[in-house]
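So the protein lines, in turn, are chains A and B. Here the first sequence stands for residues 168 to 370, where the numbers follow the numbering used here. Here the second sequence stands for residues 168 to 370, where the numbers follow the numbering used here.
Number of protein chains: 2
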Amino acid sequence: MGRHREFDVEKVLDAALCVFWRKGYEGASYADLTEAAGVERPALYSAFGNKEALFRRALDRYSERYVGYIPVALQLPTAREVAAHILYGAADLNTRYPGHTGCLGINGAVAGSDEAEPVRQALIDYRAAGQAQLRERFDRAKAEGDLPETAKPEALAAFVMAVTHGMAVQAKAGFSRDMLEAVAEQALSAWPAGRRSGHQPGS
Amino acid sequence: MGRHREFDVEKVLDAALCVFWRKGYEGASYADLTEAAGVERPALYSAFGNKEALFRRALDRYSERYVGYIPVALQLPTAREVAAHILYGAADLNTRYPGHTGCLGINGAVAGSDEAEPVRQALIDYRAAGQAQLRERFDRAKAEGDLPETAKPEALAAFVMAVTHGMAVQAKAGFSRDMLEAVAEQALSAWPAGRRSGHQPGS
DNA sequence: GTGTTTTAATAACGATCATTATGAAAAAGA
DNA sequence: TCTTTTTCATAATGATCGTTATTAAAACAC
Numbered sequence: 168m169g170r171h172r173e174f175d176v177e178k179v180l181d182a183a184l185c186v187f188w189r190k191g192y193e194g195a196s197y198a199d200l201t202e203a204a205g206v207e208r209p210a211l212y213s214a215f216g217n218k219e220a221l222f223r224r225a226l227d228r229y230s231e232r233y234v235g236y237i238p239v240a241l242q243l244p245t246a247r248e249v250a251a252h253i254l255y256g257a258a259d260l261n262t263r264y265p266g267h268t269g270c271l272g273i274n275g276a277v278a279g280s281d282e283a284e285p286v287r288q289a290l291i292d293y294r295a296a297g298q299a300q301l302r303e304r305f306d307r308a309k310a311e312g313d314l315p316e317t318a319k320p321e322a323l324a325a326f327v328m329a330v331t332h333g334m335a336v337q338a339k340a341g342f343s344r345d346m347l348e349a350v351a352e353q354a355l356s357a358w359p360a361g362r363r364s365g366h367q368p369g370s
Numbered sequence: 168m169g170r171h172r173e174f175d176v177e178k179v180l181d182a183a184l185c186v187f188w189r190k191g192y193e194g195a196s197y198a199d200l201t202e203a204a205g206v207e208r209p210a211l212y213s214a215f216g217n218k219e220a221l222f223r224r225a226l227d228r229y230s231e232r233y234v235g236y237i238p239v240a241l242q243l244p245t246a247r248e249v250a251a252h253i254l255y256g257a258a259d260l261n262t263r264y265p266g267h268t269g270c271l272g273i274n275g276a277v278a279g280s281d282e283a284e285p286v287r288q289a290l291i292d293y294r295a296a297g298q299a300q301l302r303e304r305f306d307r308a309k310a311e312g313d314l315p316e317t318a319k320p321e322a323l324a325a326f327v328m329a330v331t332h333g334m335a336v337q338a339k340a341g342f343s344r345d346m347l348e349a350v351a352e353q354a355l356s357a358w359p360a361g362r363r364s365g366h367q368p369g370s
């Protein structure tokens, strides 16, 4: 019983995601969010709760709809291909939408006031989870001989993540896709070769 | 004639710099700034102007007092040493002070509200200037044979900057110095060798 | 059709934001 | 000592922040 909801929750969530992507968590005001979503303030509160809950829903949606290239990358046969797919995938995602360059995980919460600390921590956890997946994948690669015995999977994962974060910062500063791809190419040019890797540096 | 200023302008500026470093531009309120500086609000306005002017003064001081390792790096004889000095210098600066990890250039302005756009642009310009210096240094290295003819100085500079930005993001997330140094080491492991470079990959 | 329940929209809430009037206190010149 | 000038400290400015009362409208049950 009762009145039906008149707006599409998923469309509203997409609109909020775009605002957060562009302005970060604290920079996105309810005035921005309601204007982008086309609904009034109380509708956002009744549908999602408060601002932090709305952001977490937007982060979930971001993960589902835009970061799919990472699980795809993790399925690739060699570590180099994994890293390459992630690096070029980040280069693409960071520059694909002119209205919101960079990535939500970096734009949202690098710094800010104390009140946003739980949100920053959520984003840190989000990035850490991705890095842990990458590290596990590199552990496997080492066991399979795709990475040499001397390779340090944890450091390799942190390195790949650092480059992607750095590209996100650069994308927000307006770097071209070509430049980001050149960054990715350079990051890959020293990838350690394993027993079963056909790649030779410089070949 | 008139009354003397009772506080030390440089000490106040240092205090403001620490607050901006920790909380970013928009996250730092005047309540934070006056508490850290130990002076009242109108004193900050009379000495520095408004918040944006105070931030720019703090950015200048940051450049003078904390980023000296970059001009030092630019004087080193080989491009690899330049990149290594910058990468390890960033690893150090990003983790040296537990109270304000990361770096001001990244923490301050990756995302935020529209009102802070000029400040974000100032930080983008600041980072771009550093990258331009690096690129010029790599141009020289190429001319001197320290980088191979195939090397792309612009891409190399963007790559080094991307890694440093990524490390700044990671430092803000609590990464250890050891981990950041491992990231830097990996970034260097593929550095292109020129005619006059004694380095061989893997040696 | 009446009553109940849920949503929609307007407008207000207290808190905090950056920024300043305002007036007292202090130092310099006459 | 008196006047002038600058700084200091208290407190208030209008605006915006995230969050909600409040009331009107719409959709079900009976």
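Even glycine gets a Cβ: it sits at the ideal position worked out from N, Cα and C.
key: Run of the alpha helix (DSSP H) containing P238/B, from where it starts to where it stops   = Y236 to L241
ask   = Looking at V179/A and V206/A, is the spacing between their C-beta atoms short of 7 Å?
value = yes
Near-chain A residues of the stretch 256-277 of chain B - C-beta to any C-beta below 8 Å = G269, I273, N274, G275 and V277
request  = List the whole-angstrom C-beta distance separating L241/A from Q300/A, where the pair is believed to meet the contact cut-off of C-beta under 8 Å.
outcome  = 6 Å
ask   = Apart from the five residues on each side of it in sequence, which residues of its chain come closer than 7 Å, Cβ to Cβ, to Y229/A?
value = L184 and L271
ask   = Run through DSSP, which three-state label would S230/B get?
value = helix
key: Check whether A322/B and A349/A have beta carbons under 7 Å apart   = yes
task = Give the range of the alpha helix (DSSP H) segment to which W358/B is assigned.
result = Neither: W358/B is in no alpha helix (DSSP H) and is coded neither H nor E.
inquiry  = For K319/A, report the span of its alpha helix (DSSP H) as first-last.
reply    = First-last for K319/A: undefined, no H or E at that position.
ask   = Could you give the C-beta distance for A258/A and M328/A, rounded to a whole number, given that I count them as a contact under 8 Å?
value = So it is not a contact: roughly 14 Å between Cβ atoms.
query = What's the gap between the Cα of V277/A and the Cα of G279/B?
reply = 10 Å
ask   = Can you list the residues of chain A that Q353/B reaches, using a CB-CB cut of under 7 Å?
value = A322, L323 and F326
message = Would H332/A and I237/A be called neighbours here (beta carbons separated by less than 7 Å)?
response = no
query = Which residue's Cα is closest to the Cα of D292/A: I253/B, G341/B, A325/B and H267/B?
reply = G341/B
ask   = Does H366/A have its Cβ less than 7 Å from a Cβ in chain B?
value = Interpretation of H366/A is limited by its pLDDT of 43, a score under 50 that renders its predicted location unreliable; no figure is taken from the coordinates.
query = Where does R224/B sit, in a helix, a strand or coil, going by DSSP?
reply = helix
DSSP state of C270/A mapped onto helix, strand, coil = coil
task = Kindly give me the distance between the Cβ atoms of S356/B and A357/A, rounded to whole angstroms, as I take these residues to be in contact under 8 Å.
result = 4 Å
inquiry  = Is the beta carbon of G269/B closer than 7 Å to that of A338/B?
reply    = yes
key: Short CB-CB distance (under 7 Å) between A357/B and chain A   = yes
task = In the DSSP assignment, find the alpha helix (DSSP H) that holds P315/A and state where it starts and stops.
result = Looking at the DSSP string, P315/A is not in any alpha helix (DSSP H), and its letter there is neither H nor E.
request  = Going by CA-CA distance only, name the one from G194/A, R170/A, E193/A and E202/A that's closest to D181/A.
outcome  = E202/A
request  = Grab me the residues of A351/B's own chain with a C-beta within less than 6 Å of its C-beta, minus the 5 sequence neighbours each way, in chain order.
outcome  = L254, Y255 and A258
ask   = Hey, does A360/A have any beta-carbon neighbour from chain B nearer than 7 Å?
value = no
ask   = With DSSP run on the structure shown, which of helix, strand or coil describes V213/B?
value = Correcting the residue identity first, residue 213/B is Ser in this sequence and not Val. It is helical.
query = Whose C-beta lies closer than 7 Å to the C-beta of W188/B among residues of the same chain, with five residues either side of it excluded?
reply = H267, L271 and N274
ask   = Is N217/A buried or exposed, if buried means 16 or more other CB atoms sit within 10 Å of its CB?
value = exposed
ask   = Mind checking A324/B: buried by the 16 CB within 10 Å criterion, or exposed?
value = buried
Selected residue, minimal CA-CA separation from R287/A, among G191/A, E173/A and S343/A = G191/A
request  = Establish whether the CB of Q300/B and some CB of chain A are separated by less than 7 Å.
outcome  = no
request  = Show which residues of chain B have a CB atom less than 7 Å away from the CB atom of A454/A.
outcome  = With chain A running from 168 to 370 in the structure shown, residue 454/A is simply not present.
query = Is there at least one Cβ from chain B nearer than 7 Å to A250/A's Cβ?
reply = no
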